[in-house]
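Quick notes on the structure that follows.
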Amino acid sequence: MPNYINMQPLAHHSLQSLNTLGVPAHAAWYLAVDSVDTLKAGLARAEREGLPWLVLGGGSNLVLTRDYPGLVLHMALRGRSLVDETESHYYITAQAGENWHELVQWTLEQGWPGLENLALIPGTVGAAPIQNIGAYGLELAERLVYLEAFDTQTRQVVRLDKSVCGFGYRDSIFKRQPQRYIILNVTLALPKAWQPVVTYRDLAESLAAQGIGTPTAAQIFDAVVAVRQRKLPDPARLGNVGSFFKNPIVSAVQQQALLARFPQLVSYPQADGAYKLAAAWLIDQCGWKGKSLGRARVHDQQALVLVNPGQATGADILQLAQAIQRDVQARFGVMLEPEPHIL
1270 MPNYINMQPL
1280 AHHSLQSLNT
1290 LGVPAHAAWY
1300 LAVDSVDTLK
1310 AGLARAEREG
1320 LPWLVLGGGS
1330 NLVLTRDYPG
1340 LVLHMALRGR
1350 SLVDETESHY
1360 YITAQAGENW
1370 HELVQWTLEQ
1380 GWPGLENLAL
1390 IPGTVGAAPI
1400 QNIGAYGLEL
1410 AERLVYLEAF
1420 DTQTRQVVRL
1430 DKSVCGFGYR
1440 DSIFKRQPQR
1450 YIILNVTLAL
1460 PKAWQPVVTY
1470 RDLAESLAAQ
1480 GIGTPTAAQI
1490 FDAVVAVRQR
1500 KLPDPARLGN
1510 VGSFFKNPIV
1520 SAVQQQALLA
1530 RFPQLVSYPQ
1540 ADGAYKLAAA
1550 WLIDQCGWKG
1560 KSLGRARVHD
1570 QQALVLVNPG
1580 QATGADILQL
1590 AQAIQRDVQA
1600 RFGVMLEPEP
1610 HIL
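Basically our numbering = 1-based index in the sequence shown + 1269.
Now the structure itself:
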């Protein structure tokens, strides 16, 4: 039987502790979703009362520039388990409300490597497919087999195989159609014939500095955590959403033109012949690293990270982001695209 007591939304609920920027905002209504029944009840109420609704995970990919006038559905589905094992893979399923980094830790503790490059990425399991999270040479799409989601059009739980998720660089159908599917759980395949992924320069240098030539999964995990902690501030101490901008993709022609003007340009060739530019380098070249605008600031060590030193609002963060976009566009002819959802 559904627990109807848990289905009652809370009015005028603070979201400040539920977003990693730590900016002040309130939801007109808030509901912790710990079951599909609770989710259905919340959506039914929103529809009945004409309320907009928003799904919230760890709040690590969200910039709240104002109070939310509708119903916030905070995903609190928990659980993770080994659901199948073949000669070649371990298959694990994790619920949407699970902490992503804790899932990575757990898989390694069980002896199932394959997610270690994605250590310390903030947020929940349910949010991971939306952005197709990736770091240090690995993307979620390389491990995901399928996911289950609530289809808000049919009001049914559906299984979506990786092939229909439209994964791209920090992209998916869930990002392009944010109100269609609410992710409930994901199933990942971790290879038994594990091979280390150490193609990313910072990671390779960190391992080499320790004299590690052929790293274990645990050593890669430790190195990734160390590199991320060195580069990125802890949101619990300094509000942030990690990398604020995507690394822009440009054509080979545009990359060559920029390289002629800026010989130190940091760029990476892509499989399709395009080039990925280092957004942090572009921002740094515009003099923004460590600089403030109003109550918001660019981090001292990582130009991609915008921080809340304590009193900033979401509007302050957005104002800073827009100033950076204008400067990069003016100097390089490249428009930076924000990674987080700006509300």
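Note that CB positions come from ideal geometry on N, CA and C, so glycine has one too.
Note that the structure is a prediction, hence the values are computed from the model and not measured.
Roughly how far, in whole angstroms, is the beta-carbon of T1393 from the beta-carbon of G1348, given that I think they are within contact range, below 8 Å?
Rounded, the Cβ-Cβ distance is 13 Å, inconsistent with contact.
Could you work out which residue in A1540, D1541 and V1567 is closest to I1552 when comparing CA atoms only?
V1567
Taking 8 Å as the cut-off, decide whether the C-beta atoms of W1322 and L1342 are in contact.
Yes, Cβ-Cβ distance for W1322 and L1342 is below 8 Å.
Inter-stretch contact at 8 Å, needing at least 3 Cβ pairs: the segment 1453-1460 / the segment 1479-1490:
no
Could you give the distance in angstroms between the alpha-carbon of I1611 and the alpha-carbon of T1334?
7 Å
At 4 residues or longer, what runs of the alpha helix (DSSP H) sit wholly inside the segment 1288-1375?
1305-1318
Check whether A1238 and L1472 have beta carbons under 8 Å apart
The chain is shown from 1270 up to 1612; residue 1238 falls before or after that span and cannot be answered.
With a threshold of 7 Å (Cβ to nearest heavy atom), would N1288 be considered close to the ligand NAP?
Here there are no bound small molecules, and the ligand NAP is not part of this structure.
Distance, Cα to Cα, N1272 vs Q1285?
With a pLDDT of 42 at N1272, under the threshold of 50, the predicted position of this residue should be treated as unreliable, and no value is reported.
Quick one, which of W1369, D1420, F1601 and S1441 has its alpha-carbon nearest A1526's?
F1601
Cβ contact check for the segment 1432-1452 and the segment 1461-1471: 3 or more pairs under 8 Å:
no
Taking 8 Å as the cut-off, decide whether the C-beta atoms of K1545 and E1606 are in contact.
Contact check for K1545 against E1606 fails: the beta carbons are separated by 8 Å or more.
Answer yes or no: do S1512 and V1496 have a C-beta to C-beta separation smaller than 8 Å?
no
What residues in its chain sit with their C-beta under 8 Å from that of V1305, if we drop five residues either side in the sequence?
F1419, V1426 and L1453
Does the distance from the C-beta atom of A1363 to that of F1490 stay below 8 Å?
no
Nearest to A1584 by CA position, among A1313, V1302 and L1331, is which residue?
L1331
Sequence-distant residues of the same chain with beta carbon closer than 7 Å to P1538, five excluded per side:
Y1544
Between which two residues does the beta strand (DSSP E) carrying P1538 extend?
S1536 to P1538
Under the three-state DSSP convention, the category V1427 falls into
strand
Suppose you measure from the CA of F1531 to the CA of V1597; what does that come to, to the nearest Å?
13 Å
Identify which residue in Y1337, W1381 and S1329 has its Cα closest to the Cα of V1352.
W1381
Can you tell me where the beta strand (DSSP E) with E1417 in it begins and where it stops?
L1413 to D1420
List, from N- to C-terminal side, the alpha helix (DSSP H) runs of 4 residues or more that fit wholly inside the segment 1503-1556.
1521-1530 and 1548-1554
Any idea which residues DSSP pairs G1437 with across the strands?
D1440
Which of helix, strand or coil DSSP assigns to I1614:
With the chain represented from 1270 up to 1612, any question about residue 1614 goes unanswered, as that position is not in the structure.
Where do the ends of the alpha helix (DSSP H) carrying V1493 lie?
A1486 to K1500
Nearest CA to the CA of P1293: which residue from S1283, I1518, Y1469 and Y1359?
S1283
With 16 other CB atoms within 10 Å as the buried threshold, where does M1270 fall?
Low confidence applies here, because M1270 scores a pLDDT of 34, under 50, leaving its location unreliable and the question unanswered by this model.
E1378 bridges to which residues according to DSSP?
Answer is none; E1378 lacks a bridge partner.
Grouping DSSP H, G and I as helix and E and B as strand, with all else coil, what is E1606?
coil
Count the C-beta pairs between the segment 1391-1409 and the segment 1440-1448 that are closer than 8 Å, then say yes if the count reaches three, no if not.
yes
Using 8 Å as the threshold, is the C-beta distance between L1279 and V1510 below it?
no
In the DSSP assignment, find the alpha helix (DSSP H) that holds R1470 and state where it starts and stops.
R1470 to A1478
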